[in-house]
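Below you'll find the structure, written out as structure tokens, and then a few comments.
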Amino acid sequence: MELSEFYARIKARGEVAGRPATDPKILLALWLYATLEGVGSARALDRLCRHHVAYRWLCGGVEVNHNILASSGSRAGRLWTGC
Numbered sequence: 003m004e005l006s007e008f009y010a011r012i013k014a015r016g017e018v019a020g021r022p023a024t025d026p027k028i029l030l031a032l033w034l035y036a037t038l039e040g041v042g043s044a045r046a047l048d049r050l051c052r053h054h055v056a057y058r059w060l061c062g063g064v065e066v067n068h069n070i071l072a073s074s075g076s077r078a079g080r081l082w083t084g085c
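Structural data, given as structure tokens:
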């Protein structure tokens, strides 16, 4: 899957550092797995990332919260649907 649009948002430009961000591959994997499991809410996914072993494994020790998940999920949805 082409993730360049996700990486473009966090890329360093010249003398200006990029903003701290969670790797888009992690966020995509979380949303993909959550979607397959019928989870569509960023808050529900946030809870799963804290308490469910499979989601914690996907996070790989990286902390995520519902704000990060919500913004990444809406961007991913636009890319997947072509909007």
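Each residue of the sequence shown is one higher than the one before, counting from 3 in our numbering. All C-beta atoms in this analysis are idealised placements derived from N, C-alpha and C, irrespective of residue type, glycine included.
DSSP on residue i, reduced to helix/strand/coil?
i: Arg52; result: helix
i: Arg15; result: strand
i: Leu81; result: With a pLDDT of only 45 at Leu81, under the threshold of 50, the placement of this residue in the model should not be trusted; the figure read from the coordinates follows. Residue state, collapsed to three classes: helix.
i: Asn67; result: coil
i: Ser6; result: helix
i: Thr24; result: coil
Candidates the options: which alpha carbon is nearest residue i's?
i: Asn69; options: His54, His53 and Ala44; result: Ala44
i: Leu32; options: Arg52, Ala10 and Arg11; result: Arg52
i: Thr24; options: Phe8, Val41, Tyr35 and Ala36; result: Phe8
i: Ser74; options: Gly16, Leu30, Met3 and Lys13; result: Leu30
i: Leu47; options: Glu17, Gly63, Ala19 and Leu71; result: Leu71
Going by other Cβ atoms of all chains shown within 10 Å of its Cβ, with 16 needed for buried, is residue i buried or exposed?
i: Trp59; result: exposed
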